[in-house]
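2 protein chains.
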Amino acid sequence: MERRRADIIAETLEERICDGTYPDGERLDEVRLAESFGVSRTPLREALQKLALSGLVEQLPRRGVFVRQPGPVELMEMFEVMAEMEAVCGRLAAARITDEALAELDAANAECRKAVTAQDADAYYLENERFHHIIYRESGNAFLAQETGSLHRRLKPFRRMQLRLRGRLPQSMSEHEEIVAALRAGDGAAAADALRAHVAVQGEKFRFLMARLKSAAE
Amino acid sequence: MERRRADIIAETLEERICDGTYPDGERLDEVRLAESFGVSRTPLREALQKLALSGLVEQLPRRGVFVRQPGPVELMEMFEVMAEMEAVCGRLAAARITDEALAELDAANAECRKAVTAQDADAYYLENERFHHIIYRESGNAFLAQETGSLHRRLKPFRRMQLRLRGRLPQSMSEHEEIVAALRAGDGAAAADALRAHVAVQGEKFRFLMARLKSAAE
DNA sequence: CGGACATTTTTTGTATACAAGGAGGTTGAC
DNA sequence: GTCAACCTCCTTGTATACAAAAAATGTCCG
Numbered sequence: 006m007e008r009r010r011a012d013i014i015a016e017t018l019e020e021r022i023c024d025g026t027y028p029d030g031e032r033l034d035e036v037r038l039a040e041s042f043g044v045s046r047t048p049l050r051e052a053l054q055k056l057a058l059s060g061l062v063e064q065l066p067r068r069g070v071f072v073r074q075p076g077p078v079e080l081m082e083m084f085e086v087m088a089e090m091e092a093v094c095g096r097l098a099a100a101r102i103t104d105e106a107l108a109e110l111d112a113a114n115a116e117c118r119k120a121v122t123a124q125d126a127d128a129y130y131l132e133n134e135r136f137h138h139i140i141y142r143e144s145g146n147a148f149l150a151q152e153t154g155s156l157h158r159r160l161k162p163f164r165r166m167q168l169r170l171r172g173r174l175p176q177s178m179s180e181h182e183e184i185v186a187a188l189r190a191g192d193g194a195a196a197a198d199a200l201r202a203h204v205a206v207q208g209e210k211f212r213f214l215m216a217r218l219k220s221a222a223e
Numbered sequence: 006m007e008r009r010r011a012d013i014i015a016e017t018l019e020e021r022i023c024d025g026t027y028p029d030g031e032r033l034d035e036v037r038l039a040e041s042f043g044v045s046r047t048p049l050r051e052a053l054q055k056l057a058l059s060g061l062v063e064q065l066p067r068r069g070v071f072v073r074q075p076g077p078v079e080l081m082e083m084f085e086v087m088a089e090m091e092a093v094c095g096r097l098a099a100a101r102i103t104d105e106a107l108a109e110l111d112a113a114n115a116e117c118r119k120a121v122t123a124q125d126a127d128a129y130y131l132e133n134e135r136f137h138h139i140i141y142r143e144s145g146n147a148f149l150a151q152e153t154g155s156l157h158r159r160l161k162p163f164r165r166m167q168l169r170l171r172g173r174l175p176q177s178m179s180e181h182e183e184i185v186a187a188l189r190a191g192d193g194a195a196a197a198d199a200l201r202a203h204v205a206v207q208g209e210k211f212r213f214l215m216a217r218l219k220s221a222a223e
């Protein structure tokens, strides 16, 4: 699949917004960005509109586009929805998952365990992501998997951050094992609860981090 | 809020796709459409990209955009997700709903009842929509309400269709009352179950309609 | 007569040019 | 001195022009 420049630009800008290169409220100037990318305004505008639709920037007509980092409230809301969607994925997957997928989950968890002993949060996140995406897929509902993955992607930087909290890695690890156990047992309710809690606690941890950052700034 | 032509065009095209003016697989010609709207290709392309991101059309690079009606499988998947999301809204709303909102739900249901006796499926759908959106809002999670509303919008034509089935109106009506009762009682699990079933049955009815349409075509 | 290659034509993607609306500054009046 | 109106400049939205890629057509060879 060949790609347009506009798509590549959108991806780059998305990364920059997520990693904080552009702070909240910053106006993204079409001409300056176009110059910096070495393209005209046309593909750049397309990229900005794409970002606007995915909610990363706000587009005020005749005013410009502004990066719109989700505030603490919105982030908590998003984590709540994420938890519920993963729970649904888990409940459906418990009834539909294949043995092969269970083996994949075990494999991902094994890699996770390695990362835990190595205290490598980045490596952990990578395998953790694989773990979750397998569950999305095994929900047997491609649309659900798509939507859940999309939200996962949007929360990625925030999910990632809380993994650096002391003791979070082993805790997350044991939650993973509980999830797999429920899936293997075909217990939809248990899988849903385990996944909901697993994601919800991420929201909690993240909120804690936010609060600490804020107080540190004062 | 002033609006761009591109947005108006996107809305118009969205309607046309939903109501079947453009059949599945049809290529949307940029120049022809631009002429018909009396604009240049620029705003029209922006509109098409917007539609592509919301999933109503598929955009093959260097090939063009094609309307992509969801197939039966995808529709069932979407209904399944819709049911789950409404269930979540209901569960949260049961704990967070205000007395005013409960009164609003009663009012919407009263209008629904009128529509049932009048056998007016269109009027019913209108109030039905209000009913559901109140629950989305009362979930107390603006992000969830947004996402749920967005999916509702996408399924609108299909949700609407099944209301014309014989006996569906009174059945839907009684489901509504069960939902309100659960919400009033603050019973989150009951509200979730009632809403999930209410939406899931819509998917079932719709599938039935699809099957009948298909067999009639043979 | 069929298939493959070259050419033409159509269509998308990008660049540039133009128009229109808003932000900010300046000037004038009170 | 302050507020308001006007004017200017800048930015966005739209139109047109150009380039590149894919589809269509025709031609040549087997």
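These protein sequences, in sequence, are chains A and B. In terms of the numbering used here, the first sequence is residues 6 to 223. In terms of the numbering used here, the second sequence is residues 6 to 223. Even glycine gets a Cβ: it sits at the ideal position worked out from N, Cα and C. Treat the numbers as computed from the prediction; the structure is a model and nothing was measured.
Asked	Found
CB contact check: Leu61(A) to chain B, cutoff 7 Å	no
Those runs of the alpha helix (DSSP H) which lie wholly inside the stretch 151-205 of chain B and span at least 4 residues	173-190
Terminal residues of the alpha helix (DSSP H) in which Glu63(B) lies	Not the alpha helix (DSSP H): Glu63(B) falls in the beta strand (DSSP E), residues Val62 to Leu65.
Contact set between the stretch 61-87 of chain B and chain A, restricted to residues whose Cβ is under 7 Å from the partner	Pro66, Arg67, Glu79, Glu82, Met83, Glu85 and Val86
is_contact[Val121(B), chain A] using C-beta, thresh 7 Å	no
Cβ shell of Phe163(A) (< 6 Å), same chain only, five flanking positions each side left out	Phe211
Val86(B), enclosing alpha helix (DSSP H) - first and last residue	Pro77 to Arg101
Outcome for Thr103(B) when other beta-carbon atoms lying within 10 angstroms are tallied against a minimum of 16	exposed
Continuous beta strand (DSSP E) stretch holding Val36(B): start and end	Not the beta strand (DSSP E): Val36(B) falls in the alpha helix (DSSP H), residues Glu35 to Phe42.
Environment of Gln167(B) [buried if 16+ CB atoms lie within 10 Å]	buried
CB of Arg46(B) within 7 Å of CB of Glu31(B), strictly	no
Beta carbon proximity, Glu89(A) to chain B, threshold 7 Å	yes
Bounding residues of the alpha helix (DSSP H) (the contiguous stretch that carries Gln54(A))	Arg46 to Leu58
Residues within the stretch 153-178 of chain B neighbouring chain A, beta-carbon criterion of under 7 Å	none
Asn146(B) versus Ile14(B), Val93(B) and Ala190(B), residue with shortest Cα-Cα distance	Val93(B)
Expected contact under 8 Å - CB spacing of Phe84(B) and Ala205(B) to nearest Å	7 Å
Straight-line Cα distance separating Glu51(A) from Ala11(A)	6 Å
Top-ranked residue by Cα proximity to Arg241(A), from Glu40(A), Pro48(A) and Tyr141(A)	Given a span of 6 to 223 for chain A in the structure shown, any question on residue 241(A) remains unanswerable.
Start-to-end residues for the beta strand (DSSP E) that takes in Gly69(B)	Gly69 to Val72
Contacting residues, own chain, Cβ-Cβ under 6 Å from Ala57(B) (five flanking each side not counted)	Gln64
Opposing strand residues paired with Arg32(B) [DSSP bridges]	Phe71(B)
Leu249(B) burial status per 10 Å Cβ neighbour count (16 or more: buried)	Nothing about residue 249(B) can be read from this structure; chain B reaches only from 6 to 223.
Interface flag, Leu33(A) vs chain B, CB-CB below 7 Å	no
The stretch 175-189 of chain B contacting the stretch 72-79 of chain B, beta-carbon criterion three pairs below 8 Å	no
7 Å Cβ cutoff, Asn146(B) in contact with chain A	yes
Any chain B beta carbon closer than 7 Å to Val93(A)	yes
Whether Phe42(A) touches Val86(B) by CB criterion (7 Å)	no
Sequence-distant residues of the same chain with beta carbon closer than 7 Å to Arg118(B), five excluded per side	Met178
Proximal residues, the stretch 37-61 of chain A versus chain B, C-beta separation under 8 Å	Thr47, Arg50, Glu51, Gln54, Lys55, Leu58 and Ser59
Any C-beta of chain A under 7 Å from that of Arg9(B)	yes
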